[in-house]
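What follows is a single structure, written as structure tokens, with notes after it.
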């Protein structure tokens, strides 16, 4: 019996030593690197994935980012369980209060496209904001509706039910899309409003960009909204959208750039970064459903120096990784705003 | 005879007295800790869910249960749509799965030659091994479109006068979700039913047939009577599975915030709403309300589980008496 006992103890001891030794061995390797943990929006995730290895090379900073959704990112940074959060929607004033000393910094810019499934259309679909709003309000239900025909006289619009498809999960794309519809349609603003998730009146929901795209692919007559990078990667046909200049614009890089032309010369607060539905003088190419996506950092952080480096790099050098993914580089005025905000990050 | 039976008992007491105190103690400790751990964990989870749901519980109280609103813009929430969706999808799933499972079980125990029965039984059970997320994916890409293009138009042409079968077909909705759930619970209930039928004493059915009843009469009169409580328990187990399933349902139910009469239309269940919106919840009230949904789901699941246990216990008692 005693032998078994000593054997047991010996085994435990060996195991413990092995564990401790293993850790000790692992520790020096991690020492020269610092690490940052982030969580939040999935919209900029393709871009952030490109940044992570570059930042590792440039500064030796290990970044882990979980694309858990804007809401989860806001919660995580509010609870300070991560070093930075990311959100496609700017924080509301109550969220900012709850976050206690958080900075919201724009770090990427993209557009929302409107893919559809209409076989045998014979051309590219044109839509305007009020019509889109009425489709999602359930007031326009058939593709041969007069409002759609008027914009697309040359197209062979079928007698087919419209199935609007929306995101069932909270999403920055939903925020961007509903913000646009609310700004062009009072009916939409009063009936539904804008948020990362809203109470839809018509259509079917699906989870994630892949979910809504899946439904659109399988359903003739369906349309939805996804970020333009996703549309292009998946070779989806998407509509051109009428801007204030009365022209039908595509969500290409030039379309996104023109929508920014009306930003103030010096951006001093976040509310000036609302860029959906820009005025007519923005230009003929201006695409009206465009959004910034934001990083959320605490003003006081133990890792302040690393955070400053990372965010600065993201809004400067990091921007050049954007265009292949249809993220438009940040304009100078927004960069300047970001610089001023970055300076406020202080070490604790 | 008596000395033989006494001997092992005596030796076991002496063994006990001699000790193995360490091994015994260790075993007791580990087993006890595991049991205690599971119990404490359940308590902790229940407490935490209630704790996190508290903002919503204090804000809307029991009204939450029968309010048919889910509006993150105005920050007002209620659970009725999701309770309705959970109950209706699970009910339809059971309605189809129960006779189907009994039929499969009967085929495997009574009709199929043994050479065929074993592989078929394995295949049916393997159906349960498909991860729910894969089943949901199949629902989006294959099953849902098939339902929208073939099943729902057919149902409408024959039963369209009943409101629940009217309305425009949709590849995401209550019916596709219910059918996916059916596929998920059939393996469970059919496996239990098969076990029940196989355990029915042969002499009972043989006796019935000797008295002149046909095979079907013997099955109906003897086997079903013998297995009925067990079948009930199996059905309730399946129900528990259906209530709790979230991911596969999220993928095919279409996520609506209000109740529609038609089962073709999108709806939502408690589990699926939590799965789809918890990560994106922005306000404390929305998070609280999602946890309130979780609490309701836990209560519903608890009640069905307890019910299943009560029935199984009664079944055991009956069988012992028989």
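Chains as they are written, first to last, in the numbering used here: chain A, 182 to 529; chain B, 348 to 669.
Even for Gly, the Cβ is constructed at its ideal location relative to N, Cα and C.
- In the DSSP assignment, residue 505(B) falls within the alpha helix (DSSP H) that extends over 499-506.
- When only Cα atoms are considered, residue 588(B) and residue 386(B) end up about 21 Å apart.
- For residue 419(B), the chain A residues whose Cβ falls inside 8 Å of its Cβ are 351, 376, 377, 378, 379 and 380, in order along the chain.
- Less than 8 Å separates the beta-carbon of residue 402(A) from that of residue 342(A).
- Residue 582(B) holds the alpha-carbon nearest to the alpha-carbon of residue 438(B) among 582(B), 602(B) and 609(B).
- For residue 413(B), the secondary structure class from DSSP, reduced to helix, strand or coil, is helix.
- Contact residues of the region 473-504 of chain B toward chain A are 487, 488, 491, 492 and 495 (C-beta to C-beta distance below 8 Å).
- When only Cα atoms are considered, residue 601(B) and residue 547(B) end up about 43 Å apart.
- When 9 Å is used as the limit between beta carbons, residue 399(A) is near these residues of chain B: 487, 488, 489, 491, 492, 495 and 518, in chain order.
- Considered as a whole, the region 462-495 of chain B harbours 479-485 as its complete alpha helix (DSSP H) runs of no fewer than 4 residues, in chain order.
- Secondary structure note for residue 494(A): it is in no beta strand (DSSP E), and the uninterrupted alpha helix (DSSP H) holding it is 485-496.
- The alpha-carbon separation between residue 340(A) and residue 329(A) amounts to approximately 12 Å.
- Neighbourhood of residue 591(B) in chain A, by CB distance below 9 Å: empty, with the nearest CB roughly 18 Å away.
- Annotation: residue 338(A) to residue 344(A) spans about 15 Å, alpha carbon to alpha carbon.
- Around the beta carbon of residue 379(A), a 10 Å sphere encloses 16 or more other beta carbons of the protein chains shown; the residue is thus reported as buried.
- DSSP links residue 407(A) through a beta bridge to 294(A).
- The beta carbon of residue 497(A) lies closer than 6 Å to none in the same chain, with the five residues before and after it left out.
- Secondary structure note for residue 437(B): its alpha helix (DSSP H) is the uninterrupted segment 427-453.
- Annotated three-state conformation of residue 334(A) is coil, per DSSP.
- Residue 417(A): not part of any beta strand (DSSP E); DSSP gives it neither H nor E.
- For residue 217(A), the beta-bridge partners assigned by DSSP are 244(A).
- DSSP places residue 578(B) in the uninterrupted alpha helix (DSSP H) bounded by 571-591.
- Approximately 21 Å separates the beta-carbon atoms of residue 529(B) and residue 606(B); this is outside 8 Å, ruling out the contact.
- Residues of chain B with a Cβ closer than 7 Å to the Cβ of residue 249(A) are, in chain order, 626.
- In this chain, the alpha helix (DSSP H) harbouring residue 358(A) covers 353-365.
- Per DSSP, the beta-bridge partners of residue 429(A) are 423(A).
- Beta-bridge partners of residue 528(A) (DSSP): 482(A).
- A contact is defined here as three or more CB-CB pairs under 8 Å, and the region 274-293 of chain A meets this definition with respect to the region 475-493 of chain A.
- Counting along the chain, residue 402(B) sits inside the alpha helix (DSSP H) bounded by residues 368-407.
- Secondary structure note for residue 608(B): it is in no beta strand (DSSP E), with a DSSP letter that is neither H nor E.
- Proximity of residue 393(A) to chain B, defined by a Cβ-Cβ separation below 8 Å, is not satisfied.
- Counting only the Cα atoms, residue 232(A) lies some 21 Å from residue 518(A).
- Assignment of residue 348(A) by DSSP, reduced to helix, strand and coil, places it in the strand class.
- Taking the CA atoms as reference points, residue 531(B) sits about 32 Å from residue 419(B).
- Among the CB atoms of chain B, one or more fall inside 8 Å of the CB of residue 385(A).
- Taking 8 Å as the threshold, the shortest C-beta distance from residue 515(B) to chain A falls below it.
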